[in-house]
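Q:
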Amino acid sequence: MSTQRPMVEVRGARKSFGAVEVLKGIDLSVERGQIVAIIGPSGSGKSTLLRSINHLETLNGGEVWLDGVQVNQPLNGQAFERHINKVRQQMGMVFQHFNLFPHLTVIENITMGPVILKGMAKAEARALAHGLLSKVGLADKIDAYPSRLSGGQKQRVAIARALAMQPKVMLFDEATSALDPELVDEVNAVMKQLAAEHMTMLIVTHEMRFAGEVADRVLFMDGGVVVEEGPPADIFRAPQKERTRSFLKKYLSA
Amino acid sequence: MLRVFPFFVEAALVTLELTALALLLGLAAAALAAAGRMSRSAILRAVGTAYVSLFRGTPCLIQLFVLYFGGPQIGINLDPFAAGVIGLGLNIGAYMAESIRGAVVAVDRGQTEAARTIGFSRFQTLRKVVLPQAARLMIRPLGVNTVALLKGSALVSTISVVELTYTAQRFIGSTYKPFEIFGVAALLYMVMVYAVARLVDMLDRRFAIV
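Taken in order, these protein sequences are the chains called P and X.
The numbers in numbering that gives the first Met the number 0 rise by one with no breaks, and the one at position 132 of the first sequence is 131.
The numbers in numbering that gives the first Met the number 0 rise by one with no breaks, and the one at position 171 of the second sequence is 170.
Dropping the structure here:
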């Protein structure tokens, strides 16, 4: 596969929930190793866009591509099921509410994917999980159940769980929105570390400062369209569109 | 009274046996019906829903009568005990199907989403993530169903299954002491219900998610 091809590409994405059109033709391209932050008010469609990339939402129109493979291929039934399960193994997704499996320990949460889906030997998966937990600073919680962890710890385990599949891209859906303010930094630090390792990332966030620090490019969405996009310095310091200006003003004064 | 007590204990054991067998049949029917109702196939959903509506929407007593008295007309000849097990089992299965479905639906949707985004198939997600959590949630409702089944088993006395209620009725004729006789029967039911309730408590604690 050519390295010129974008890692993630969205073309003309449309999505409606009933009569409400939440995505009105979105185009997006993320290069290998690039970090794109998606900002915008609630209901702007930014989470729906991210979820569509992973096919948690089925688009009504448009295409999603991951590294040269169409994610939302027009296949039927079992054929699509097989296809999407393969594609999803190459994307890591992190949710606002962590969604750790409460009946499994931290290490079981992490090794489950590699062992079952990739046929990795248990010992190898444990070593991998141990390394990832050290990386997110939770090596001592290896045998704990999720209920014993703080929100920030849960989210760091969720990130480790996603990384265990060695994904090509990481999708973060408001990963710090459900956290107490003092726990946000520990999660952001892990994301910054991934950024330093050139992980391709799409980050839906309400944290403008973090977006400005970590992103190569910022997309401002409102009303189901991309209103404005560019380097963080341009978007945050010199937004061109009135809607972007008023959104940022409200946000930064809050 | 002391003279008849051993007969009561024996009859209570029949009630327990009847309940246990109907429970097994009911759980099997319930698992199938719940799977049907949650299936992506419209036909399986319809079959599951029809079963649940039919058996929850009509009196258990009528279901037993149709099976035991009506059965021979269409070539189904069952002895009272078998008819009792099948009738009670199919009836409680309809309630248990809803207990199972409720528990599966109660597992947070985020769990399914997380599993699917890792790349697990529908079936793997159900087996490894949803069902282990749902199993815990269904212990109590299924326990309530089991207690209802145990008490409801008294109905099969009407199709002459010699269980606790039938035995009590038989001794009224010879003793003329309905208060004592039915009182003892009630006491034995209470002991059995208490035992089932304790068992459910134990299971619930055993499978609690820490």
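From the three backbone atoms N, C-alpha and C, an ideal C-beta is built for every residue, glycine too.
In this text the structure is predicted, and so the values were computed from the model without any measurement.
Name the two residues that bound the continuous alpha helix (DSSP H) containing P/LYS117.
A: Note, P/LYS117: alpha helix (DSSP H), 105 to 117.
Q: Any C-beta of chain P sitting closer than 8 angstroms to the C-beta of X/LYS176?
A: It does not; no Cβ of chain P falls within 8 angstroms.
Q: Quick one: Cα of P/GLY293 to Cα of P/PHE79, how far?
A: Because chain P here runs from 0 to 253, residue 293 of chain P falls outside it and cannot be looked at.
Q: Report the rounded CA-to-CA distance for X/ALA81 versus X/LYS176, giving the unit in angstroms.
A: X/ALA81 and X/LYS176: Cα-Cα distance of roughly 31 angstroms.
Q: Name the chain P residues that come within less than 7 angstroms of X/SER120, Cβ to Cβ?
A: Chain P residues near X/SER120: GLU80, ASN84.
Q: On the criterion of 16 or more Cβ atoms from any shown chain inside 10 Å, does X/LEU186 qualify as buried, or is it exposed?
A: By the 10 Å Cβ count, X/LEU186 comes out exposed.
Q: Would you check if the region 1 to 10 of chain X and the region 164 to 184 of chain X touch, i.e. whether three or more CB-CB distances between them fall below 8 angstroms?
A: Touching, yes, given that three or more Cβ pairs across the two stretches are closer than 8 angstroms.
Q: Using a Cβ-Cβ cut-off of 6 angstroms (strictly less than) and excluding sequence neighbours within five positions of P/GLU173, which residues of its own chain qualify?
A: So the qualifying residues of the chain are GLN95, VAL203.
Q: Any beta carbon from chain P within less than 8 angstroms of X/GLN123's own beta carbon?
A: True, the Cβ-Cβ gap to chain P drops below 8 angstroms.
Q: Does P/LEU74 come within less than 8 angstroms of chain X when only Cβ atoms are used?
A: For P/LEU74, the answer is no, since every Cβ of chain X falls outside 8 angstroms of its Cβ.
Q: Given a cut-off of 8 angstroms, decide if P/MET198 and P/LYS45 are closer than it, judged by their beta-carbon atoms.
A: For P/LYS45 and P/MET198, no; Cβs fall outside 8 angstroms.
Q: Say whether chain X places a C-beta atom closer than 8 angstroms to the C-beta of P/ILE158.
A: No, because no Cβ of chain X sits closer than 8 angstroms to the Cβ of P/ILE158.
Q: Going by alpha carbons, who is nearest to X/CYS59 out of X/ARG205, X/LEU198, X/ALA147, X/VAL199?
A: Cα-wise, what sits closest to X/CYS59 is X/ALA147.
Q: Should the region 184 to 198 of chain P be regarded as contacting the region 228 to 246 of chain P, the criterion being three or more beta carbon pairs within less than 8 angstroms?
A: Flag = no, the region 184 to 198 of chain P and the region 228 to 246 of chain P do not touch.
Q: Quick check on X/ILE138 - is its C-beta less than 8 angstroms from some C-beta in chain P?
A: No, because no Cβ of chain P sits closer than 8 angstroms to the Cβ of X/ILE138.
Q: Could you please tell me which residues of the region 122 to 140 of chain P, in chain order, have their CB closer than 8 angstroms to any CB of chain X?
A: Against chain X - using a Cβ distance shorter than 8 angstroms - the region 122 to 140 of chain P contributes no residues.
Q: So what does DSSP say about P/THR199, is it helix, strand or coil?
A: Reduced to three states, the DSSP call for P/THR199 is strand.
Q: Quick check: the region 116 to 133 of chain X against the region 56 to 73 of chain X, are there 3 or more CB pairs under 8 angstroms?
A: The region 116 to 133 of chain X is not in contact with the region 56 to 73 of chain X.
Q: Output, in chain order, the set of chain X residues within a Cβ distance shorter than 8 angstroms of P/ASN98.
A: Residues of chain X passing the Cβ test: ASP107, GLY109, GLN110, GLU112, ALA113.
Q: Would you identify the three-state DSSP class for X/GLY182, choosing helix, strand or coil?
A: DSSP places X/GLY182 in helix when its eight states are reduced to three.
Q: I'd like to check one pair, X/LEU87 with X/LEU17: are the Cβ atoms closer than 8 angstroms?
A: Their beta carbons are under 8 angstroms apart, which means X/LEU17 touches X/LEU87 by this criterion.
Q: Expressed to the nearest angstrom, what Euclidean distance is found between the alpha-carbon atoms of X/ILE99 and X/THR145?
A: Answer to the nearest angstrom: the Cα atoms are 13 angstroms apart.
Q: Give me the Cβ distance between P/ARG4 and P/GLY67, rounded to the nearest whole Å; I'm assuming they're in contact under 8 angstroms.
A: The pair is a contact, with the Cβ atoms about 5 angstroms apart (cut-off 8 angstroms).
Q: Kindly indicate which three-state DSSP category X/GLU162 falls into: helix, strand or coil?
A: Coil, per DSSP.
Q: Taking only beta-carbon positions, decide if P/PHE16 is within less than 8 angstroms of chain X.
A: So, not an interface residue.
Q: Can you pull the chain X neighbours of P/SER239, defined as C-beta to C-beta under 7 angstroms?
A: For clarity, residue 239 of chain P is Gln in the given sequence; the question names Ser instead. Ordered by position in chain X, no residue passes the 7 angstroms Cβ test against P/GLN239, which lies about 35 angstroms from the chain.
Q: In terms of residues, what are the limits of the alpha helix (DSSP H) holding P/VAL156?
A: 150 to 162 is the extent of the alpha helix (DSSP H) around P/VAL156.
Q: Please confirm whether P/ILE141 and P/VAL105 have their CB atoms less than 8 angstroms apart.
A: In contact: P/ILE141 and P/VAL105 (Cβ atoms closer than 8 angstroms).
Q: Using a Cβ-Cβ distance under 8 angstroms, would X/VAL103 count as near chain P?
A: So, not an interface residue.
Q: Scan the region 12 to 87 of chain P and note each continuous alpha helix (DSSP H) run of 4 residues or more that stays entirely inside, going in chain order.
A: The qualifying runs are 45 to 52, 76 to 87.
Q: Taking CB distances under 8 angstroms as the criterion, tell me whether P/ILE115 reaches chain X.
A: By this cut-off, P/ILE115 is an interface position.
Q: Among all the DSSP beta bridges, which residues are the ones paired with P/GLY229?
A: P/GLY229 is bridged to P/VAL217.
Q: Thinking just about the alpha-carbon of each residue, which of P/SER15, P/SER176, P/GLY39, P/ARG147 is nearest to the one in P/LYS249?
A: Comparing Cα positions, the closest option is P/GLY39.
Q: Quick one: list the residues of chain X neighbouring P/PHE219, beta-carbon separation under 8 angstroms, in chain order.
A: Residues of chain X passing the Cβ test: none, with the nearest at roughly 26 angstroms.
Q: Quick one: Cα of X/LEU79 to Cα of X/SER120, how far?
A: Leu is not the amino acid found at residue 79 of chain X; the sequence shown has Pro there. X/PRO79 and X/SER120: Cα-Cα distance of roughly 46 angstroms.
Q: Could you please tell me which residues of the region 28 to 52 of chain X, in chain order, have their CB closer than 7 angstroms to any CB of chain P?
A: The residues in question: there are none.
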